[in-house]
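**Student:** One structure is given below, represented as structure tokens, and several questions about it will come after.
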Amino acid sequence: MEPAPHPPARIVERLTQAQAHHRALDLVRWARARSPLLDHHWRDWHPDHDDWQALPVTDKAQLMSGFDDWVTDRAVKRADVQAFMADPRRAGCDYLGRYAVWSSSGTSGQPGIFLHDGAALATYGVLTTWRMQPQLLARCLWPGTLPTLAPARAALVAALDGHYAGISYWRRQLRLYPWLAGRSLELSVTDPIELTCERLTAFAPTFLASYPSMLVELAERQRRGRLHIRPSMLWAGGEPFSAAQRRYCEDTFGALAANDYGCSEALSIAIECRCGRLHLHDDWVRLEPVDADDRPVPAGRWSHSALLTNLANRVAPIVRYRLGDSVRLDTAPCACGNPHPTLQVQGRCDDVLQLDGGSAGMVTLSPLALTSALEEQAGVYRFQLVQTGPRAVELRLEASERVHAARARSVLLRYLRERGLPRVSVQASAEPPVVEASGKLRRVRLAATGAARAVRA
Ligand SMILES: [Zn+2]
Numbered sequence: 062m063e064p065a066p067h068p069p070a071r072i073v074e075r076l077t078q079a080q081a082h083h084r085a086l087d088l089v090r091w092a093r094a095r096s097p098l099l100d101h102h103w104r105d106w107h108p109d110h111d112d113w114q115a116l117p118v119t120d121k122a123q124l125m126s127g128f129d130d131w132v133t134d135r136a137v138k139r140a141d142v143q144a145f146m147a148d149p150r151r152a153g154c155d156y157l158g159r160y161a162v163w164s165s166s167g168t169s170g171q172p173g174i175f176l177h178d179g180a181a182l183a184t185y186g187v188l189t190t191w192r193m194q195p196q197l198l199a200r201c202l203w204p205g206t207l208p209t210l211a212p213a214r215a216a217l218v219a220a221l222d223g224h225y226a227g228i229s230y231w232r233r234q235l236r237l238y239p240w241l242a243g244r245s246l247e248l249s250v251t252d253p254i255e256l257t258c259e260r261l262t263a264f265a266p267t268f269l270a271s272y273p274s275m276l277v278e279l280a281e282r283q284r285r286g287r288l289h290i291r292p293s294m295l296w297a298g299g300e301p302f303s304a305a306q307r308r309y310c311e312d313t314f315g316a317l318a319a320n321d322y323g324c325s326e327a328l329s330i331a332i333e334c335r336c337g338r339l340h341l342h343d344d345w346v347r348l349e350p351v352d353a354d355d356r357p358v359p360a361g362r363w364s365h366s367a368l369l370t371n372l373a374n375r376v377a378p379i380v381r382y383r384l385g386d387s388v389r390l391d392t393a394p395c396a397c398g399n400p401h402p403t404l405q406v407q408g409r410c411d412d413v414l415q416l417d418g419g420s421a422g423m424v425t426l427s428p429l430a431l432t433s434a435l436e437e438q439a440g441v442y443r444f445q446l447v448q449t450g451p452r453a454v455e456l457r458l459e460a461s462e463r464v465h466a467a468r469a470r471s472v473l474l475r476y477l478r479e480r481g482l483p484r485v486s487v488q489a490s491a492e493p494p495v496v497e498a499s500g501k502l503r504r505v506r507l508a509a510t511g512a513a514r515a516v517r518a
């Protein structure tokens, strides 16, 4: 049985901390009764207790290995979900006719599969629009969530060859609101950038959504006269969006940029306000900054990790789930007047590489595009690309993936060639990837000596 979606007004209204606490308790009791895995994991916690934040922590490896026992709908089977996902054309379609299926890109080394029910999807749709700053809301042409009938043209540049949250949610909205389909364009981050620029110029989007590093790359092309578009709104997601990146993109395109922080486990965790601060949806998402031993980290200090609880979704409960991002809750209220707490995020932070393209000048490469190319075309996940010089990249692979080294190098060389970088060398290193002290693997990074500046700095 699936819970009925909440009316939009109920999603927008801000709950008190006590009400949000009860919402969390409801989710925990639901999950305890229907998820054998969580029932066992929480066996020492009594349903009459109300200290849900004392529950043992969960993580991706545990939930993925016990997938069939984790989900709360017994009709859901991992083997069936994987068969459903084997066809990338199904991205945006509903599994069993009722669940969105999103996969994570495996930034932490292991791909994840996450199901979302109708109530959760309705909640994400409302949170990502109605909690946006008003001047952006007025320009927002995100398909389906606003009754916009203006001649909007929405373009998405993202990883398309998989059931990633971005493309899946986008296609789901287009499927629900078919009149928007003729006004939208999807482009792959792995396409040659010149082709992407040509198609965007021809399409003339009024709304352009992508990863921050890709928006920066497109802005560079626009400044060089290789791209000619005038979107009124940009949407940046999937990576941290620095103030410098925002200024560069907004100035270049004459647009306003929206930014939110989310993941495959919860589409929208926080949304940016006009002061440039990310406001947590703390009545729908609980985020606990913790140290390396999962102990609470107070506001004002960077955490080692963060425990995520998604209060909107019940089919695959995310409760005190180790997200891996380092976050810092702010202590001062925001001048915009929004009472939701604000935070900063530095998780999943790869470097943006800049390589010497000879007469074409320095060429910026999006880390997400690089990692998508290697994942999708070479089938490697635990790798590290290190820029060691203006025309030199080193590829490091985990021992288990070194058998694919030649193919990965070939994919990389082709990718660089298509980006106007035929003279950049790729050296396959015998060294394993260097893992950060936080335990995270930054898959695209500059050498410690600093071979080039990082745009995100
Ligand atoms: Zn604010």
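Quick note on numbering: the sequence shown equals residues 62 to 518 in the working numbering.
Just so it is clear, CB atoms sit at the ideal spot from N, CA and C, and this is done for glycine as well.
Computed from a predicted structure; not experimentally measured.
(1) Can you tell me which of the three DSSP states PRO359 falls into?
(2) Where do the N-terminal and C-terminal ends of the beta strand (DSSP E) with GLN448 fall, by residue?
(3) Return the CA-CA distance between HIS107 and THR449, expressed in angstroms with no decimal places.
(4) How far does the beta strand (DSSP E) with ILE254 in it reach, from first residue to last?
(5) Which of helix, strand or coil does DSSP assign to PRO350?
(6) Measure the beta-carbon distance from ALA216 to LEU248 and round it to whole angstroms, keeping in mind my assumption that it falls under 8 Å.
(7) Does the stretch 283 to 295 come close enough to the stretch 459 to 477 that 3 or more CB-CB pairs lie under 8 Å?
(8) Using 8 Å as the threshold, is the stretch 259 to 274 in touch with the stretch 218 to 226, meaning 3 or more CB pairs across them?
(9) What number of angstroms, rounded off, separates the C-alpha of LEU420 from the C-alpha of LEU269?
(10) Are the CB atoms of ASP222 and GLU437 within a distance shorter than 8 Å?
(11) Determine whether the beta carbon atoms of VAL358 and ASP352 lie at a separation below 8 Å.
(12) Measuring only the C-alpha atoms, how far is GLU492 from ARG503?
(13) Express the C-alpha separation of GLN407 and ASP321 in angstroms, rounding to a whole number.
(14) Please classify GLN143: does DSSP put it in a helix, a strand, or coil?
(15) Tell me whether HIS22 counts as near ligand 1, meaning its Cβ is closer than 7 Å to at least one heavy atom of that ligand.
(16) Buried or exposed for LEU368, going by 16 or more other Cβ atoms inside 10 Å?
(17) Among GLU349, ARG375 and ILE379, which one has its Cα closest to the Cα of ARG389?
(18) Determine the closest residue to TRP296 out of GLN283, GLY243, ARG282 and ILE332, with distance taken between C-alpha atoms.
(19) State the Cα-Cα distance for the pair VAL162 and GLY153, rounded to the nearest angstrom.
(20) What are the start and end residues of the beta strand (DSSP E) that includes SER366?
(21) Leaving out five residues on either side along the sequence, give the residues of the same chain with a beta carbon under 7 Å from the beta carbon of PRO117.
(22) What are the residues that DSSP puts in a beta bridge with THR425?
**Tutor:** So, from the listed chains and residues:
(1) Along the sequence shown, read from residue 1 onward, the residue named residue 359 stands at position 298. Look at PRO359 here: in three-state DSSP terms it is coil, with no helix or strand label.
(2) Taking the first residue of the sequence shown as 1, we reach residue 448 at position 387. Taken as a continuous stretch (DSSP letters only), the beta strand (DSSP E) holding GLN448 covers 444 to 450.
(3) What you label residue 107 is simply residue 46 of the sequence shown in a count that begins at 1. What you label residue 449 is simply residue 388 of the sequence shown in a count that begins at 1. Near 54 Å, if we compare the C-alpha coordinates of THR449 and HIS107.
(4) The residue you call residue 254 lines up with position 193 of the sequence shown. Judged by DSSP secondary structure, ILE254 falls outside any beta strand (DSSP E) and instead within the alpha helix (DSSP H) spanning 254 to 264.
(5) As a position in the sequence shown, residue 350 is number 289, starting the count at 1. The DSSP-derived three-state label of PRO350 is strand.
(6) Residue 216 sits at position 155 when you count from the first residue of the sequence shown. Residue 248 sits at position 187 when you count from the first residue of the sequence shown. That belief holds up - the Cβ atoms of ALA216 and LEU248 are roughly 7 Å apart, short of 8 Å.
(7) In the pairwise beta carbon analysis, the stretch 459 to 477 is classified as not touching the stretch 283 to 295: fewer than three pairs are separated by under 8 Å.
(8) Yes, since at least three Cβ pairs between the stretch 259 to 274 and the stretch 218 to 226 fall closer than 8 Å, the two stretches touch.
(9) Locating residue 420 in the sequence shown gives position 359, counting from the first residue. Locating residue 269 in the sequence shown gives position 208, counting from the first residue. Position check: residue 420 holds Ser in this sequence, whereas Leu was assumed. Approximately 29 Å, taken between the alpha carbons.
(10) Residue 437 sits at position 376 when you count from the first residue of the sequence shown. Residue 222 sits at position 161 when you count from the first residue of the sequence shown. In terms of Cβ geometry, GLU437 and ASP222 form a close pair [threshold 8 Å].
(11) On the sequence shown, residue 358 is found 297 positions in, with the first residue counted as 1. On the sequence shown, residue 352 is found 291 positions in, with the first residue counted as 1. Contact: yes.
(12) Position 431 of the sequence shown, counting from 1, holds the residue named residue 492. Position 442 of the sequence shown, counting from 1, holds the residue named residue 503. C-alpha separation (whole angstroms): 15 Å.
(13) Stepping through the sequence shown from its first residue, residue 321 is reached at position 260. Stepping through the sequence shown from its first residue, residue 407 is reached at position 346. Between the C-alpha atoms of ASP321 and GLN407 there is a straight-line separation of about 13 Å.
(14) The residue labelled residue 143 in the question sits at position 82 within the sequence shown. Reduced to three states, the DSSP call for GLN143 is helix.
(15) Only positions 62 to 518 of the chain appear in this structure, which leaves residue 22 out of reach.
(16) One-based indexing of the sequence shown puts residue 368 at position 307. Buried, because 16 or more other Cβ atoms sit within 10 Å of the Cβ of LEU368.
(17) Residue mapping note: residue 389 aligns to position 328 of the sequence shown, counting from 1. Measuring from the Cα of ARG389, the nearest candidate turns out to be GLU349.
(18) Position 235 of the sequence shown, counted from the start, is the residue given in the question as residue 296. The option with the nearest alpha carbon to TRP296 is ILE332.
(19) The residue given as residue 162 occupies position 101 in the sequence shown. The residue given as residue 153 occupies position 92 in the sequence shown. When rounded, the distance between both Cα atoms is 8 Å.
(20) Stepping through the sequence shown from its first residue, residue 366 is reached at position 305. Segment 366 to 371, the beta strand (DSSP E) holding SER366.
(21) Residue mapping note: residue 117 aligns to position 56 of the sequence shown, counting from 1. The residues are HIS102 and TRP103.
(22) What you label residue 425 is simply residue 364 of the sequence shown in a count that begins at 1. Per DSSP, GLN415.
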